[in-house]
Each structure stands twice: as structure tokens, then as C-alpha cells.
Amino acid sequence: MFLTGDNAYDVYENPQKQLEIAKLMDKTFPSDFTYSFCDGIIFCETIGLEVLKPKKDFPSVLNHPIVDLESLSEFSVPDPYTSGRMPVNLKSLSLIASAIDKPLYVSIQGPFTLAVQLAGATHLLRSIIKDPEFVEALLAFTTETVRRYSVAAQKAGAKFISISEPGAVTLNPERFDKYVVTNVEKIYGDLTCWKSMHICGDTTELLENMLSCNIDAISLDQIMNYEFVKEKIPSNVVLIGNLDPIDLLGRGTTEDIRKETIKLMKIHRENDNYLCAFGCNCLNDTPVENLKISINTGRMSYEELDKIKIRELI
Amino acid sequence: MGNVLKQISDCIVNMEEDEIESLIQRAVKSEIDLDSVYIQGLKDGMVRAIELFDKKIYHLPEVIVCADTLNKGLNLLKSFGDINKKSKGKIVFAVVKGDTHEIGKNIVKIMLEASGYEVIDLGVNVDSTVIIESAIKEEAQIIALSSMMTTTMIEMERVIKELSEKNIKYKPHVIVGGGCVSKKYAEEILADGYSENAPKAVKLVNRLIGGKK
Chain V
2 MFLTGDNAYD VYENPQKQLE IAKLMDKTFP SDFTYSFCDG IIFCETIGLE VLKPKKDFPS
62 VLNHPIVDLE SLSEFSVPDP YTSGRMPVNL KSLSLIASAI DKPLYVSIQG PFTLAVQLAG
122 ATHLLRSIIK DPEFVEALLA FTTETVRRYS VAAQKAGAKF ISISEPGAVT LNPERFDKYV
182 VTNVEKIYGD LTCWKSMHIC GDTTELLENM LSCNIDAISL DQIMNYEFVK EKIPSNVVLI
242 GNLDPIDLLG RGTTEDIRKE TIKLMKIHRE NDNYLCAFGC NCLNDTPVEN LKISINTGRM
302 SYEELDKIKI RELI
Chain Z
47 MGNVLKQISD CIVNMEEDEI ESLIQRAVKS EIDLDSVYIQ GLKDGMVRAI ELFDKKIYHL
107 PEVIVCADTL NKGLNLLKSF GDINKKSKGK IVFAVVKGDT HEIGKNIVKI MLEASGYEVI
167 DLGVNVDSTV IIESAIKEEA QIIALSSMMT TTMIEMERVI KELSEKNIKY KPHVIVGGGC
227 VSKKYAEEIL ADGYSENAPK AVKLVNRLIG GKK
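Heads up: the protein sequence lines correspond to chains V and Z, in order. When we follow my numbering, the leftmost residue of the first sequence carries the number 2, and every step to the right adds one. When we follow my numbering, the leftmost residue of the second sequence carries the number 47, and every step to the right adds one.
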């Protein structure tokens, strides 16, 4: 947004603008993938929730109207080809995928996190005990919503779909299996593209459960210690992350960023299944130079990396 | 007397929301004073529930339902007269402007209340002016701010800056937390404290106002 001065809906509602931004992003911050503009609100907006739309920020939901089976019955699962802004977004994905010669990465809100948005986090957690039938029905609704859209996104050209489940960090491992693993597997099962899962926050206790899903990659928050985490990642799963997008990228110096990026890459020097990336979304006002140094450093060759001695980073 | 108070406490721990009102009525009928019903019954149960959470026997859903049970009992108890809750201090709590994530605030609120603090909950997406005016009006010792989004945490800095410009005798401490907030960020914006989770938030408040009004 700060690169072009557009607000979120200027981009969401205009596939040509999406393509323009994707090209500009690719030119300014070249990475291994191409991206559409972050659209975490699309499900809630299409389902009909009230949305806060700041001029220079991402939208968020203002109400959580689905609180029981009766209120759930008033809503229907959106059709990605006809409902709300979904067809426009699919057109954007298709345009980007065909115009930029890199695999298209799409991040999609997971079914549990969507349920958190629809019912409210506190109410959903309360309902796990007080109204489990409602929770099951709501998750069936959100799983089908996410599944249909994910399949459509793949058909539109997505080559890498990341299911983002930040709301699930509130669950203990047993409930994570019951409410998250079971449902995301229904989505992953219908996808043939690369599949990944991202959860923000401390996922130490959930890591094994996340890895039990049929995923090709896993992405964790910057608070996770990747030296510890890498030992737990199977060789056929790519570990993505986890540069700190706030204190480091948002507020650090370019030299700090270069050093921390190199340190992280050296930790994973012997691992073929590592992809250097950010731990989570960046701040809107992250300096362009900070992002550039991070990306350029993260893409250096092993030859260049090996020439740098650890003592130079202290 | 002890028996019904223990039953009230157990009722909170066991999340028996349908039973709590009849137990409160029994206690009041037995002429147990309202303060004892609150302290030895309701509050005791919530403290025990949080101990189970600390031990990872209970999780967030259990804590929320225990708090629901407590609040149902407390609402009935209040209808019988004033309760001297002996608040350890007053906290104005809000999720900052632009952010609508309530879970962190709600959990911290439950634990602060169980620890004896009075929490004025302003809700989510709250403007800095409303937060500051409420804190001044309520004579709060602490303003607690939550943000789960990298894009809205800047609002915390706004509250701190606007508060510092106010000409008031006793300025409340401002503490911050939330998924995207770090200790470093809290120091940068000159917050009086930062906490990464709910139990630590209670310890932080204890340290800052030492249980004094």
C-alpha cells in the first residue's frame, strides 16, 4: 500500500491493479514466488459480516454474528464463482499466475480461524464445552467454505497454498487434532499443489500435530527457536521462516537484518528443506530498504554464505 | 456454612453453570454474609480454576466457562446487596483502535479479576481518547492495552503519547501485550510494562501497583 498509495479495496476490486501490484512487488522485492495482495477478509466479507475498512490498513471484522445453530442456519457456504468478491479475486489470481513466470503463492485463512472470526474467539472456545454440536456444525461450514475456495484458487493458478490458522494457537494438542487437523486434511486432500500451514505465536506444543497434516511445508512465528524446531522437521517437509517482521525488519538497521538473516541461513546450511522467509506479516511501514536487504541476503548462494564467518556476525 | 461455600467453589471449578444460582440462594438463605460467599465461594473457585490452567490441566475453554459460572453467580449475589470485593486496584482495559481481536483481553481480564483487581473493560477497537478519558474518570492505576495486529500496535504508542501530554496529578501506568507486541517494542514506546501472556500480566500488575489501591 505504501508503494503505490492505494487502499486495500482499490486493489481487491480491480484485477488489473492486483497484477500491477504483483509486478511491482516482484520487481522491488524479488522472491521465489509471486503473490496476490493479502486478503484475509474475503471469507467474512462474502459471508456477510460487518467489516472495518481503514483507508491505509487491512480490513477486519467488526461483529461475530454466528453464535449458535440457529444463527448458523441463516448463512450459506459461499460459491467461489458467484459469491461476493470471490470471482473478482479468482480473476486476479488467474491474471497474476499467467503474467508472472513464478509459482503463485496464496495464503488462505483456515477453517478454525474463520470460525473464530464468525463466532468470536471467546464464544467459540466457550462453545467447545457448552455447545459442542454448534462447534462441529460451524467447523463443517467453515471447512467447506475454505475447501471450495482453495480448490478454485488452485484452478486459477495457485501453485502453493498456505492455510493460515492463527486462531488455533488457543487450543491444546488434543483439541487441535479434533478441530484443526481433521478439517484441514479435508482441504489438503482436495489440493494437488504445494500445501503449507502457518500458525502465529508459540506452537511448541502443537508442532507435532501440525506436522501430522499432509503438508509440504510449515511456517512458524518468529518467537519459535528454529535451531530447536529444525530437528523436528522431517526431510520431506520444508521449514519456512522466521525472521522477525516487527523488531528486526520493521525497526532494525539494514546491518542488523543482514546479520540475522545470515545467522538463520547458517543454522540451516546443512538442511535442504529450508526456505528463508519472514515469521509473519510485516508492519505496513516497514522500510523498503529493510525488506530489500533481507530478501537479497536470503537469496545469497551457499558459496557466498560459506565465505562469511560466524565471528563476523557478532 | 463451610459446606455450601465449598460447593460454590467446586461448582466454579466443575463449570456447573446451571447449579450456581441455587447454591448462591442456599448460601444467602443460610445467612452467610455476602462477602464470604464471594471470597470463600466464587473467588476461591476461580483461583482454583486458574491454578489448574497454570498446571495445564485446564485450557482456555475451561477457564472461560469457569468465569461464566462465576459471573452468573456474582450477578445473583449482587442482587442481595453490596459486596465488598476489596479490589486491589483498578485497571482500564481495551483492545486498541482498528483491532477487533478480543480473546487475549478477555483471558487477561478473567485472571486479573480472579486475582482481586477491578477491570473496566472498554472492549475492542477503542479510540485512544476514550481509553484515556475512561482511565481518568475511573481513577485507574493501570491502562492495559492489547493489540493482535502489527498494523494496529502503533495505537499503543498514541495512547502513551497522548497520556503523557495530559496535565493530571496521578498518571496511570500503561501496560501492553498481544500477539505481535514484544518487550523491545514496549520499551521503545515507553510503556510501563509488557507481558507475553495472561499469568505474567497478573504478576506485572502485582509488581506495578503492589496490590495497593
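Quick reminder that beta carbons are idealized off the backbone N, C-alpha and C, glycines included. Since this is a predicted model, take the numbers as computed values, not measurements.
Output yes if chain Z places a C-beta closer than 7 Å to the C-beta of N291 of chain V; else output no. no
In three-state terms, what does DSSP make of N226 of chain V? coil
Buried or exposed: which applies to E290 of chain V, given that a residue is buried once 16 or more other Cβ atoms fall within 10 Å of its Cβ? So E290 of chain V counts as exposed.
Residues in its own chain within less than 6 Å of S108 of chain V by CB, not counting five upstream and five downstream? S163, S165
If you follow the beta strand (DSSP E) that C277 of chain V is part of, which residue opens it and which one closes it? 275-279
Contact set for K118 of chain Z: own chain, Cβ-Cβ below 8 Å, skip 5 residues either direction: E63, I66, E67
is_contact[C45 of chain V, chain Z] using C-beta, thresh 7 Å: Closer than 7 Å: no.
Nonlocal neighbours in the same chain, by C-beta distance under 8 Å from L98 of chain Z, ignoring five residues either side: Around L98 of chain Z: V59, Y104, E108.
Contact set between I129 of chain V and chain Z, taken where Cβ atoms lie within less than 8 Å: P107
Would D40 of chain V pass as an interface residue toward chain C - the criterion being a Cβ-Cβ separation below 7 Å? Among the protein chains in the structure shown, which are V and Z, there is no chain C.
With a floor of 3 residues, list each beta strand (DSSP E) that falls wholly inside the region 109-148 of chain Z, ordered by position along the chain. Counting whole runs of 3 or more residues, the region 109-148 of chain Z contains the beta strand (DSSP E) stretches 136-141.
Between the region 76-85 of chain V and the region 43-57 of chain V, do at least 3 Cβ pairs fall closer than 8 Å? yes
Would you please verify whether the beta carbon of A205 of chain Z is less than 7 Å from any beta carbon of chain V? In the sequence on display, residue 205 of chain Z carries Val and not Ala. Not an interface residue.
So A190 of chain Z and G169 of chain Z are supposed to be a Cβ contact under 8 Å. How far apart are they, rounded? Contact doesn't hold; Cβ gap of about 13 Å is too wide.
Assuming the contact rule is C-beta atoms closer than 8 Å, S193 of chain Z and M202 of chain Z should be a hit. Round their C-beta distance to whole Å, please. 6 Å
Hey, does A116 of chain V have any beta-carbon neighbour from chain Z nearer than 7 Å? no
Given a cut-off of 7 Å on the beta-carbon distance, is the pair C281 of chain V and D222 of chain V in contact? yes
According to DSSP, simplified to helix, strand and coil, what is E65 of chain Z? coil
Counting along the chain, where does the beta strand (DSSP E) carrying Y106 of chain V start and finish? From DSSP, the beta strand (DSSP E) with Y106 of chain V extends over 105-110.
What do you reckon, are the CB atoms on V152 of chain V and D191 of chain V nearer than 7 Å? A contact, by the Cβ cut-off of 7 Å.
Of the listed residues Z:P218, Z:S161, Z:I129, nearest to I206 of chain Z (C-alpha basis): Z:P218
Are the beta-carbon atoms belonging to I294 of chain V and T254 of chain V less than 7 Å from one another? no
Can you check whether the C-beta of K258 of chain Z is within less than 7 Å of a C-beta belonging to chain V? For K258 of chain Z, the predicted model reports a pLDDT of 46, less than 50, meaning its position is unreliable; a value from the coordinates is still stated below. Cβ-Cβ to chain V under 7 Å: no for K258 of chain Z.
Counting only C-beta atoms, is L63 of chain V closer than 7 Å to chain Z at any point? yes
Leaving out five residues before and five after I235 of chain Z in sequence, what residues of the same chain have Cβ atoms less than 7 Å from its Cβ? M202, E203, I206
For the putative contact between I188 of chain Z and I255 of chain Z, defined by C-beta atoms under 8 Å, what is the C-beta separation to the nearest angstrom? The pair is a contact, with the Cβ atoms about 6 Å apart (cut-off 8 Å).
Can you tell me whether N243 of chain V is helix, strand or coil according to DSSP? strand
Can you list the residues of chain V that M92 of chain Z reaches, using a CB-CB cut of under 7 Å? Simply none; closest approach about 15 Å.
Which residues in the same chain as S72 of chain V place their Cβ atom closer than 7 Å to its Cβ, once the five residues preceding and following it in sequence are excluded? Cβ within range, chain order: P66.
DSSP three-state label for E164 of chain Z, please. strand
Counting only beta-carbon atoms, is D307 of chain V nearer than 7 Å to chain Z? no
Of all the residues that make up the region 237-248 of chain V, which are near chain Z by a beta-carbon distance shorter than 9 Å? D245, P246, I247, D248
Can you list, in chain order, the residues of its chain with a C-beta nearer than 8 Å to that of E228 of chain V? Leave out the 5 residues immediately preceding and following it. I268
Pick out whichever of V:T183, V:L306, V:I241, V:K103 has its Cα sitting closest to the Cα of K28 of chain V. V:K103
Between the alpha carbons of A116 of chain V and Y303 of chain V, how many angstroms are there, rounded? 43 Å
With 16 other Cβ atoms within 10 Å as the buried cut-off, status of T196 of chain Z: buried
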